[in-house]
Amino acid sequence: MPAANAIPHASHSGKVDSPHVRHTGKCYGATASVDITQHLDPTVTLTLTVSCSNDNGVTWKPMISGTRPGGVTINPMTGLPETHATLTGWSSPVEHGRDPLVMTTLIISNGALITSVTASALDVIPIHGAAP
Amino acid sequence: MSGSVVQSAIGINSAFATAIATFGGSTTAGNLLVACCTYYQKTQFSSVSDSVGGGAGNSWVDAAAEVQGVQIGGRQQYAKNISNAGASHTVTLTISAANYPDIIAYEISGEDTTAPLDQQDSTTVASTTTPVGNNKNVMASGIAIAHGCDDTLLLTSFTMGAPWSVADKEQDHTGSNIGIVAGHQSVTVGGNPYHSAFTMNTARAAIIFMSTYKDAAAADTLFSQSCM
Numbered sequence: 005m006p007a008a009n010a011i012p013h014a015s016h017s018g019k020v021d022s023p024h025v026r027h028t029g030k031c032y033g034a035t036a037s038v039d040i041t042q043h044l045d046p047t048v049t050l051t052l053t054v055s056c057s058n059d060n061g062v063t064w065k066p067m068i069s070g071t072r073p074g075g076v077t078i079n080p081m082t083g084l085p086e087t088h089a090t091l092t093g094w095s096s097p098v099e100h101g102r103d104p105l106v107m108t109t110l111i112i113s114n115g116a117l118i119t120s121v122t123a124s125a126l127d128v129i130p131i132h133g134a135a136p
Numbered sequence: 015m016s017g018s019v020v021q022s023a024i025g026i027n028s029a030f031a032t033a034i035a036t037f038g039g040s041t042t043a044g045n046l047l048v049a050c051c052t053y054y055q056k057t058q059f060s061s062v063s064d065s066v067g068g069g070a071g072n073s074w075v076d077a078a079a080e081v082q083g084v085q086i087g088g089r090q091q092y093a094k095n096i097s098n099a100g101a102s103h104t105v106t107l108t109i110s111a112a113n114y115p116d117i118i119a120y121e122i123s124g125e126d127t128t129a130p131l132d133q134q135d136s137t138t139v140a141s142t143t144t145p146v147g148n149n150k151n152v153m154a155s156g157i158a159i160a161h162g163c164d165d166t167l168l169l170t171s172f173t174m175g176a177p178w179s180v181a182d183k184e185q186d187h188t189g190s191n192i193g194i195v196a197g198h199q200s201v202t203v204g205g206n207p208y209h210s211a212f213t214m215n216t217a218r219a220a221i222i223f224m225s226t227y228k229d230a231a232a233a234d235t236l237f238s239q240s241c242m
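Chain order of the listed sequences is A and B. The first sequence begins at 5 in our numbering and counts up one residue at a time. The second sequence begins at 15 in our numbering and counts up one residue at a time.
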């Protein structure tokens, strides 16, 4: 048996769907973070999307998303290079779901990238005004 | 028909070149979309666009024109009488580099489908705890959308009080974004001049925007008067 089969992929290209994560509670929004320390090639573009399903995975709705070409981004507050790129988003009025599923999708275009992603649904909006 | 906010959505990203606001409910054809945008590098605006379920979107134009602060830029755009509408409707702010884009998107019903934009104001404000925009005499009843951002990237509370109704805001300058707040209110022709108004817990410079949009019924009233 080739040993490579037992080695988790350290880098990948193309579309990779993460395992679905069941989120208990209402799905108001989502936040996600992707490691960009190795994302330095400007010809490589990363697209991160967090989707939510309120029907046990039958249908999926994108909640937050962002794209970025490779390169260094300096944090304007600290003056230091960002190690992670973050996404946060939500909608109003909120969609009330029961035990929604949350899925992250990472698409790396025109190359490969060593990275990791974390994502979670938001039960409550940490800083939020009245809904319209 | 009076304009009213159907729904709103916010997308706040750090080291990304796009910020995407995704409406929770389906949008409706004929409605108005408004995009409130801020971005860290004031010269890096590229475009606002939208997509329904990954498909076609609508045409966007400036409402409140771009203002460039010391470091931060912003603007407000709208798409009138949308023909592409439905579920999973996203509105995207694209900038030319991965530099902290923020967007708050509104769907508004009941507005003029032909020429909805009435008044607009975009301005920079010197350091104060109560930045306000310029007075605008609205020409038709409708709805006003305002948004703003602290231009100094310092921790502050940046919000809006009555009569503005805040839809969404993000103000955490200690995190990985620059912050944005947006609100709306109904406006009436012949009322006091309208302007955007914000409050901060510490005096800061700001960039602020306001656009007013005409109710669909207002166009009918004006037409009737012109025939008398």
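All residues carry an ideal CB built from backbone N, CA and C; glycine is no exception. This structure is a prediction, so every number in the text was calculated from the model and none was measured.
**Beta-bridge partners of A:Asp45, as assigned by DSSP** = Note: A:Asp45 sits in no beta bridge, so no partner.
**Prompt:** According to DSSP, what are the bridge partners of B:Asn27?
**Reply:** DSSP links B:Asn27 through a beta bridge to A:Leu91.
**Closer than 9 angstroms at the beta carbon, the chain B residues around A:Ser120** = The premise fails here: A:Ser120 is roughly 15 angstroms from chain B at the closest Cβ pair, so nothing lies under 9 angstroms.
**Asked** Cα-Cα, which of B:Leu131, B:Gly156, B:Thr106 and B:Ala176 is closest to B:Gly205?
**Response** B:Gly156
**Item:** Inter-residue CB distance, A:Ala34 and A:Ala123 (contact presumed, cutoff 8 angstroms)
**Value:** The pair is a contact, with the Cβ atoms about 6 angstroms apart (cut-off 8 angstroms).
**Prompt:** If we cut at 8 angstroms on Cβ distances, does B:Ile24 have a partner in chain A?
**Reply:** For B:Ile24, the nearest beta carbon of chain A is closer than 8 angstroms to its own beta carbon.
**Asked** Under 8 angstroms between C-beta atoms, does B:Ile34 make it to chain A?
**Response** yes
**Item:** Straight-line Cα distance separating B:Ala196 from B:Thr188
**Value:** Confidence at B:Thr188 is low in this model, with a pLDDT of 49, below 50, so its placement is unreliable and the value that follows should be read with caution. Approximately 20 angstroms between the Cα atoms of the pair.
**Request:** Anything in the stretch 42-66 of chain B with a Cβ closer than 8 angstroms to a Cβ of chain A? List those residues in chain order, please.
**Result:** Of all residues in the stretch 42-66 of chain B, only Tyr54 place a beta-carbon less than 8 angstroms from a beta-carbon of chain A.
**Asked** Any beta-carbon of chain A closer than 8 angstroms to the one on B:Gln82?
**Response** no
**Request:** Assuming A:Thr77 contacts B:Ala112 (C-beta within less than 8 angstroms), just tell me the rounded distance between them.
**Result:** 5 angstroms
**Request:** Buried or exposed for B:Ile57, please, with buried defined as at least 16 other CB atoms from any protein chain shown within 10 angstroms of its CB.
**Result:** According to the sequence as given, residue 57 of chain B is Thr; it is not Ile. Its Cβ having fewer than 16 others within 10 Å, B:Thr57 is exposed.
**Asked** Taking just the CA atoms, how far does B:Asn95 sit from B:Thr42?
**Response** 9 angstroms
**Request:** Let me know the secondary structure DSSP gives B:Ala230 once reduced to three states.
**Result:** helix
**Prompt:** How about A:Leu91: is its C-beta nearer than 8 angstroms to some C-beta of chain B?
**Reply:** It does; some Cβ of chain B falls within 8 angstroms.
**Asked** Is the distance from the Cβ of B:His9 to the Cβ of B:Asn148 below 8 angstroms?
**Response** Coverage of chain B is limited to positions 15 through 242, which leaves residue 9 of chain B absent and any answer about it impossible.
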